[in-house]
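Heads up: the sequence shown is residues 0 to 539, going by numbering that gives the first Met the number 0.
Heads up, the beta-carbon is just placed ideally off N, CA and C, and yes, glycines get one too.
As the structure is a prediction and not an experimental result, all values here were calculated from the model.
Below is one structure; the comments refer to it alone.
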Amino acid sequence: MVKTALANSLWWLGSSPSAAAFDAALQNPAAAQRQILRQFLRDNADTALGREYRFSELRTYAEFARRVPPRDYDDLRPYIERIGRGEKNVLTREPVRRLVPTSGSVAGRKLIPYTAALQAEINRAVTPWINGLYRLRPHIARGTWYWSISAVGEDQPIDDSPSAIPIGFEDDAAYLGGWRQRAIDALLAVSGGVRHISSIAAWRYATALLLLRRADLAVMSIWHPSFLELLLGAMRERWTDLVRDVADGSCAVLNDVPGSLANLLRADPSRPRAARLASAGPDDLRAIWPNLAILSCWGDGHATAAAAALQKRFPGVLLQSKGLLATEGVISIPHAGKHPLAIRSHFLEFEAPDGRILLAADLEQSQTYNVLLTTAGGLIRYRLHDLVEVNGRVGQTPSVRFLGKSGLVSDRRGEKLTDGFVAAVLARLFEQFPPAPSFAMLAPDEDSAGLRYSLYMNREIPGGFDATLDELLCENPQYAYCRRLGQLLPACAVSIAGDAYERFSDRLRQSGQRLGDIKPAALSKLDGWSGYFTQPGLGL
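Right, dumping it as structure tokens:
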């Protein structure tokens, strides 16, 4: 299709200068980072925050670090509330275009100020990443993309409080803006309009139908691997209906979607395509999408096992682990076989376990750090609560992998279990009792017998597993102390069947989180999970 070819050409050629600049910056990350910090301080000296910390007087990073303390979202909340009331020049001189909602594993709902300069920072990371995809697999320039960011029915306001600044984006591609947004829109195999379908079952059906119509699908970009597994499961369940709709140009769920989407879901009949699908069946994914070349998804931290399982479903397709991206900003991108820091985007600092704060160029191999972020949207020395490990370098720039959320702590009896510690325990546990399941999560579980931690996982429980789990958890001295006092019962594993990730995400979605924000973790602070993992159906 001409439109697809033009959009691919625009992305490839238009992203080349940014990719070249990123390649050059990788050789001198310290210089790139100094420039970003100087620009931030100069641009925002005459703001409420800038006057408070006298940005105009700061000349070096050392002065900046002494004057401005690291902070969490709650430290910035009063400023963001002022922005929401319409006040200007609070965190940035540049107008705030949007307050973008996000909900992390550590805090509740947060609003992130979004400015044109922040959009430019994000593009300085996303654009080299996409350019790299074309260089890895040039033939994707002939195909369409499936890019899943936000999820279904999530355009409702996040609360009832008034805001002078629009909250959220109408369309995910608007994060990129300009020609990039137009190019992405032209490349999509599934229009962003499907996000307005409120029924998850209808949304999955519509998404599967639009994907099945595209034999030219070349790239899939999703978040957690289980997202695609659930979509493929829904496709298998409705396979006969889907193939018929491809043949007839119809859609079996039209009565369950807004009328404005009817034309989006209807198409010209395609009996040859339907015949090829019928011959392939729902499990021959290479035959269904013969031109699929790249599958991008989370592959680090708690998504590692699920990504490996998904790779087996797509033999011959390059599974590329995403970098560390958040609503607040971009920390790393896939590049040259690693995940170097996005050193042309935001100003990055890293907090070591001993409390030292290091700059990007100073990170040490195999060491772990917490990320601090300063962005053109006004976040300053902001603790992202993401724990990363340095696993190499690209040029002179460190490459990192995501380990887990550093600020996620479960502490019912003084045990102080953290997500990072539990993730390490599970990695060692499944080395002793392979294979690693695609879903595993530790959570507190209290009943009439007392309080214990249960490991919910979608695999059978071998002999000796529970004892080893508890033994490894006891390497945390606070947990061990609570066990000795009898405040905690021995940990145990719970084998769950069905779509574990779907049930996990459904609970969090019902509490107000967006599917795009839900990130499976090794640890949950919530209890009562057995009721969600064992009940049938869930009405989905």
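message: For a quick check, are the C-beta atoms of S8 and T126 less than 7 Å apart?
response: Here S8 is not near T126, since their CB atoms are 7 Å or more apart.
message: Can you list, in chain order, the residues of its chain with a C-beta nearer than 7 Å to that of D526? Leave out the 5 residues immediately preceding and following it.
response: A442, P443, D444 and E445
- request: Hey, could you find the ends of the beta strand (DSSP E) A296 is sitting in?
  value: First, the amino acid is wrong: residue 296 is Cys here, not Ala. First-last of the beta strand (DSSP E) with C296: I293 to C296.
task: Could you work out which residue in S197, D469, P476 and A44 is closest to R427 when comparing CA atoms only?
output: The option with the nearest alpha carbon to R427 is D469.
message: Buried or exposed, going by whether 16 or more other CB atoms sit within 10 Å of the CB of D282?
response: exposed
Bounding residues of the alpha helix (DSSP H) (the contiguous stretch that carries C473): Note, C473: premise wrong, no alpha helix (DSSP H); not H, not E.
- request: Rounded to whole angstroms, what's the CA-CA distance from G406 to Y480? Just pull it up for me.
  value: Rounded to whole angstroms, the separation of the alpha carbons of Y480 and G406 is 22 Å.
message: Give me the DSSP bridge partner(s) of I287.
response: Paired residue(s): none; I287 is not in a bridge.
- prompt: DSSP beta-bridge partners for H384?
  reply: Note: H384 sits in no beta bridge, so no partner.
message: What would DSSP say about F349, mapped onto helix, strand or coil?
response: It is a strand residue.
message: I'd like the list of long-range same chain contacts for Q310, defined as Cβ closer than 7 Å, with 5 residues on each side in sequence excluded.
response: Only L318 meet the Cβ criterion.
task: Quickly, what does DSSP pair C491 with across the bridge? List them, please.
output: S453
query: Helix, strand or coil: how does DSSP classify I556 here?
result: One cannot answer for residue 556 here, as it falls past the ends of the chain, which runs 0 to 539.
task: Alpha carbon to alpha carbon, how far is D240 from A251? Give it in angstroms, no decimals.
output: 7 Å
query: According to DSSP, what are the bridge partners of L372?
result: L347 and Y381
- prompt: D158 to S529, Cα distance in whole Å?
  reply: Its pLDDT being 44, under 50, D158 is placed unreliably by the model, and nothing is read from it.
message: Within the continuous beta strand (DSSP E) that includes V399, where are the two ends?
response: T396 to K404
- prompt: Looking only at DSSP bridge pairs, what is I166 linked to?
  reply: L98
- prompt: How long is the line joining the alpha carbons of G152 and H138, rounded to whole angstroms?
  reply: Unreliable positioning characterises G152 in this predicted model, as indicated by a pLDDT of 47, which lies under 50. The coordinate reading is nonetheless provided below. Whole-angstrom Cα-Cα distance: 34 Å.
query: Using a beta-carbon distance below 7 Å, is E350 in contact with chain D?
result: Absence of chain D from the displayed structure is noted, only one protein chain being present.
- request: Output the distance between the C-alpha atoms of L487 and C473, rounded to the nearest integer angstrom.
  value: 11 Å
query: Around the C-beta of E327, are 16 or more other C-beta atoms found within 10 angstroms, so that it is buried, or is it exposed?
result: buried
query: Does DSSP put A4 in a helix, in a strand, or in coil?
result: helix
task: Could you spell out the range, first to last residue, of the alpha helix (DSSP H) harbouring Y78?
output: Y72 to G83
Backbone CA spacing between P352 and L210 [nearest angstrom]: 45 Å
- prompt: From S295 to W146, what distance separates their C-alpha atoms?
  reply: 9 Å
message: Would R380 and V67 be called neighbours here (beta carbons separated by less than 7 Å)?
response: yes
Spatial distance of T458 from P434 (CA atoms): Strictly speaking, residue 458 in this sequence is Arg, with Thr absent from that position. Just so you know, the alpha carbons of R458 and P434 end up roughly 9 Å apart.
- prompt: How long is the line joining the alpha carbons of Y429 and G376, rounded to whole angstroms?
  reply: For clarity, residue 429 is Phe in the given sequence; the question names Tyr instead. Each residue's alpha carbon lies about 41 Å from the other.
task: Check whether the segment 196–213 touches the segment 482–499, counting contact only when three or more Cβ pairs, one atom from each stretch, lie closer than 8 Å.
output: no
task: Report the option in A6, Y60 and R275 whose CA atom is closest to the CA atom of A30.
output: With respect to the C-alpha of A30, the residue from A6, Y60 and R275 having the closest C-alpha is Y60.
message: Using 7 Å as the threshold, is the C-beta distance between D418 and A306 below it?
response: No.
- prompt: Beta carbon of A207, beta carbon of M234: below 7 Å?
  reply: yes
- prompt: So, do the segment 499–512 and the segment 401–415 have three or more beta carbon pairs nearer to each other than 8 Å?
  reply: no
message: Considering just the uninterrupted stretch of the alpha helix (DSSP H) at E430, what are its terminal residues?
response: Residues D418 to Q431.
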